[in-house]
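Novice:
Numbering (this note's numbering), first residue to last: 227 to 547.
#1: If contact is defined by three or more beta carbon pairs under 8 Å, each pair taking one atom from either stretch, is the stretch 374-392 in contact with the stretch 471-480?
#2: Can you check which of these residues, 283, 267, 545, is closest to residue 438 by C-alpha distance?
#3: Could you give the distance in angstroms between the alpha-carbon of residue 453 and the alpha-carbon of residue 384?
#4: Please determine, among 396, 534, 404, 408, the residue with the shortest C-alpha to C-alpha distance to residue 417.
#5: Below 8 Å on the Cβ atoms is my guess for residue 343 versus residue 333; work out the distance and round it to an integer in Å.
#6: If you run the structure through DSSP and keep just helix, strand and coil, what is residue 554?
#7: If residue 314 and residue 289 are in contact, beta carbons under 8 Å, what's the gap, nearest whole angstrom?
#8: Measure the alpha-carbon distance for residue 355 versus residue 427 and round it to whole angstroms.
#9: Quick check: what's the CA-CA separation for residue 520 versus residue 490?
#10: Kindly give me the distance between the Cβ atoms of residue 349 and residue 466, rounded to whole angstroms, as I take these residues to be in contact under 8 Å.
#11: Pick out the complete beta strand (DSSP E) segments inside the stretch 412-442, 3 residues or longer, and give them in chain order.
#12: When the distance is taken between beta carbons, is residue 300 closer than 8 Å to residue 230?
#13: Confirm, please, whether the CB-CB distance from residue 526 to residue 367 is below 8 Å.
#14: Could you tell me the distance, in whole angstroms, from the CA atom of residue 420 to the CA atom of residue 390?
#15: Rounded to the nearest angstrom, what separates residue 255 and residue 261 at their Cα positions?
#16: With the cut-off set at 8 Å, would you say residue 424 and residue 431 are in Cβ contact?
#17: Please report the straight-line C-alpha distance between residue 259 and residue 234, rounded to a whole angstrom.
#18: To the nearest angstrom, how far is it from the Cα of residue 492 to the Cα of residue 503?
#19: Taking residue 380 as the reference, which of 542, 506, 357, 495 has the closest Cα?
#20: Using the Cα positions of residue 514 and residue 403, report the straight-line distance between them to the nearest angstrom.
#21: Pull the bridge partners of residue 242 from the DSSP assignment, please.
#22: According to DSSP, is residue 475 part of a helix, a strand, or is it coil?
#23: With H, G and I counted as helix, E and B as strand and the rest as coil, what does DSSP make of residue 380?
#24: Going by CA-CA distance only, name the one from 456, 463, 484 that's closest to residue 495.
#25: In the structure shown, what three-state DSSP assignment does residue 390 receive?
#26: Check for me: the alpha helix (DSSP H) holding residue 369 runs from which residue to which?
#27: Give me whichever residues DSSP pairs with residue 228 in a beta bridge.
#28: Using only CA atoms, which one of 302, 280, 241, 387 lies nearest to residue 273?
#29: Give every residue of the same chain whose Cβ lies closer than 8 Å to the Cβ of residue 312, excluding the five residues on either side of it in the sequence, and list them in chain order.
#30: Our contact map puts residue 338 next to residue 359 with C-beta atoms below 8 Å; I'd like the distance itself, whole angstroms only.
Encoded structure:
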């Protein structure tokens, strides 16, 4: 199949394009959000082809994978009038948990009979009001980075983009107290200045923005992975950390309660319990390694790439029938 999709979520797309199809990714001269083209910091196969809006007009497309509401109109315009769901089979992928008037949030694709709405977690499907639209859940799949964990550094790893702007959603306000239990290394885009913003000593909260290949190696050196997120979809960084063999200390919110089984770390809605778990892992590196091994096994079983691609193959085949 020729599958048209926009480069919206680099980590998720990295798993999706491991399938057996040709993936058409729009590119514009300025590589703006509607034309980012191929990823520059992720390893994508040659089956991912950059196409300009002009080229798309005459390019055969077997399925459109939509990820943002405005892509419905954008696809129709760039495909020369071919409308997703009417002239070309379409699937809408929802990456995010609803925001705003939760739990009464109406999905933009609610009550549509011409496409399938796919959620990445059961939590998201539960909280979005999708009306009569056919919905599916395809849980994340991860390209296995390998069991790289050493835990040699007595520090916690956190991965979050824009922690200052996103604030309470991603638990930024919890970091000062948690940094007293374990020094933090926060990785992600626009993390610079985080320690000063939160009033944390710089040695207790360091930041960096690394490409994925370097990020995995850096995470694996930290003693455990800290996931203080209150409200968002299930972070792929949490699942990647588990694949690396890292134990996790995690707020028991959204889909995390499904992703992290007993023995793989600590889940709680109480920050003081998370702080106690952090201190435990710093004191007991062998216990951290044992819990991390169980985390890796659980992640491989539930979030493996083979299952992920099989689920998507089924849904895309059904959408075209």
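Virtual Cβ for every residue (Gly too), placed ideally from N, Cα, C.
Values in this document were obtained by computation on a predicted structure and should not be read as measured data.
Specialist: Judging by the given coordinates:
#1: yes
#2: Locating residue 438 in the chain shown gives position 212, where the first residue counts as 1. Ranking the options by Cα distance to residue 438, first place goes to 267.
#3: For this step, residue 453 is matched to residue 227 along the chain shown. For this step, residue 384 is matched to residue 158 along the chain shown. Cα to Cα, residue 453 sits roughly 6 Å from residue 384.
#4: Working through the chain shown from its first residue, we reach residue 417 at position 191. Per the Cα distances, 396.
#5: Mapped onto the chain shown, residue 343 falls at position 117. Mapped onto the chain shown, residue 333 falls at position 107. Contact holds; Cβ gap of about 7 Å.
#6: Shown here, the chain extends from 227 to 547; a query on residue 554 therefore has no answer.
#7: To locate residue 314, count along the chain shown from 1; it is residue 88. To locate residue 289, count along the chain shown from 1; it is residue 63. 7 Å between Cβ atoms; contact.
#8: Here residue 355 corresponds to residue number 129 of the chain shown, with the count starting at 1. Here residue 427 corresponds to residue number 201 of the chain shown, with the count starting at 1. In a straight line, the C-alpha of residue 355 is about 43 Å away from that of residue 427.
#9: Start at 1 with the first residue of the chain shown, and residue 520 comes out as number 294. Start at 1 with the first residue of the chain shown, and residue 490 comes out as number 264. Going by the C-alpha atoms only, they are around 5 Å apart.
#10: Taking the chain shown and counting its residues from 1, one reaches residue 349 at position 123. Taking the chain shown and counting its residues from 1, one reaches residue 466 at position 240. Not quite, the Cβ-Cβ distance comes to about 19 Å (not below 8 Å), so this is no contact.
#11: 431-434
#12: The residue you call residue 230 lines up with position 4 of the chain shown. The residue you call residue 300 lines up with position 74 of the chain shown. No. Outside cutoff.
#13: As a first step, residue 367 must be located in the chain shown, where it is residue number 141. As a first step, residue 526 must be located in the chain shown, where it is residue number 300. Not a contact, by the Cβ cut-off of 8 Å.
#14: Taking the first residue of the chain shown as position 1, residue 420 is located at position 194. Taking the first residue of the chain shown as position 1, residue 390 is located at position 164. Going by the C-alpha atoms only, they are around 7 Å apart.
#15: Stepping through the chain shown from its first residue, residue 255 is reached at position 29. Stepping through the chain shown from its first residue, residue 261 is reached at position 35. So the alpha carbons of these two residues sit roughly 8 Å apart.
#16: By 1-based counting over the chain shown, the position of residue 424 is 198. By 1-based counting over the chain shown, the position of residue 431 is 205. Yes.
#17: Position 33 of the chain shown holds residue 259. Position 8 of the chain shown holds residue 234. One C-alpha to the other measures close to 8 Å.
#18: Stepping through the chain shown from its first residue, residue 492 is reached at position 266. Stepping through the chain shown from its first residue, residue 503 is reached at position 277. Rounded to the nearest angstrom, the two C-alpha atoms are 7 Å apart.
#19: The sequence position of residue 380 within the chain shown is 154, counting from 1. The shortest Cα separation from residue 380 among 542, 506, 357, 495 belongs to 506.
#20: Within the chain shown, numbered from 1, the residue matching residue 514 stands at position 288. Within the chain shown, numbered from 1, the residue matching residue 403 stands at position 177. Those two C-alpha atoms are separated by around 21 Å.
#21: Sequence index remark: in the chain shown, residue 242 carries index 16 (1-based). Looking at the DSSP assignment, residue 242 forms no beta bridge with any residue, so it has no partner.
#22: As a working note, residue 475 is residue 249 in the chain shown. Reduced to three states, the DSSP call for residue 475 is strand.
#23: Mapped onto the chain shown, residue 380 falls at position 154. If DSSP states are grouped into helix, strand and coil, residue 380 belongs with the strands.
#24: In the chain shown, residue 495 corresponds to position 269, counting from 1. Nearest C-alpha to residue 495: 456.
#25: On the chain shown, residue 390 is found 164 positions in, with the first residue counted as 1. Helix at residue 390.
#26: Taking the first residue of the chain shown as position 1, residue 369 is located at position 143. It is not in any alpha helix (DSSP H) - residue 369 carries neither H nor E in the DSSP assignment.
#27: Counting from 1 along the chain shown, the entry for residue 228 is found at position 2. Looking at the DSSP assignment, residue 228 forms a beta bridge with 248.
#28: As a position in the chain shown, residue 273 is number 47, starting the count at 1. If we check each option's Cα against that of residue 273, 241 comes out closest.
#29: Stepping through the chain shown from its first residue, residue 312 is reached at position 86. Counting only Cβ-Cβ distances below 8 Å, and skipping sequence neighbours, we find 340.
#30: Along the chain shown, one-based indexing puts residue 338 at 112. Along the chain shown, one-based indexing puts residue 359 at 133. Contact flag correct, Cβ pair sits at about 5 Å.
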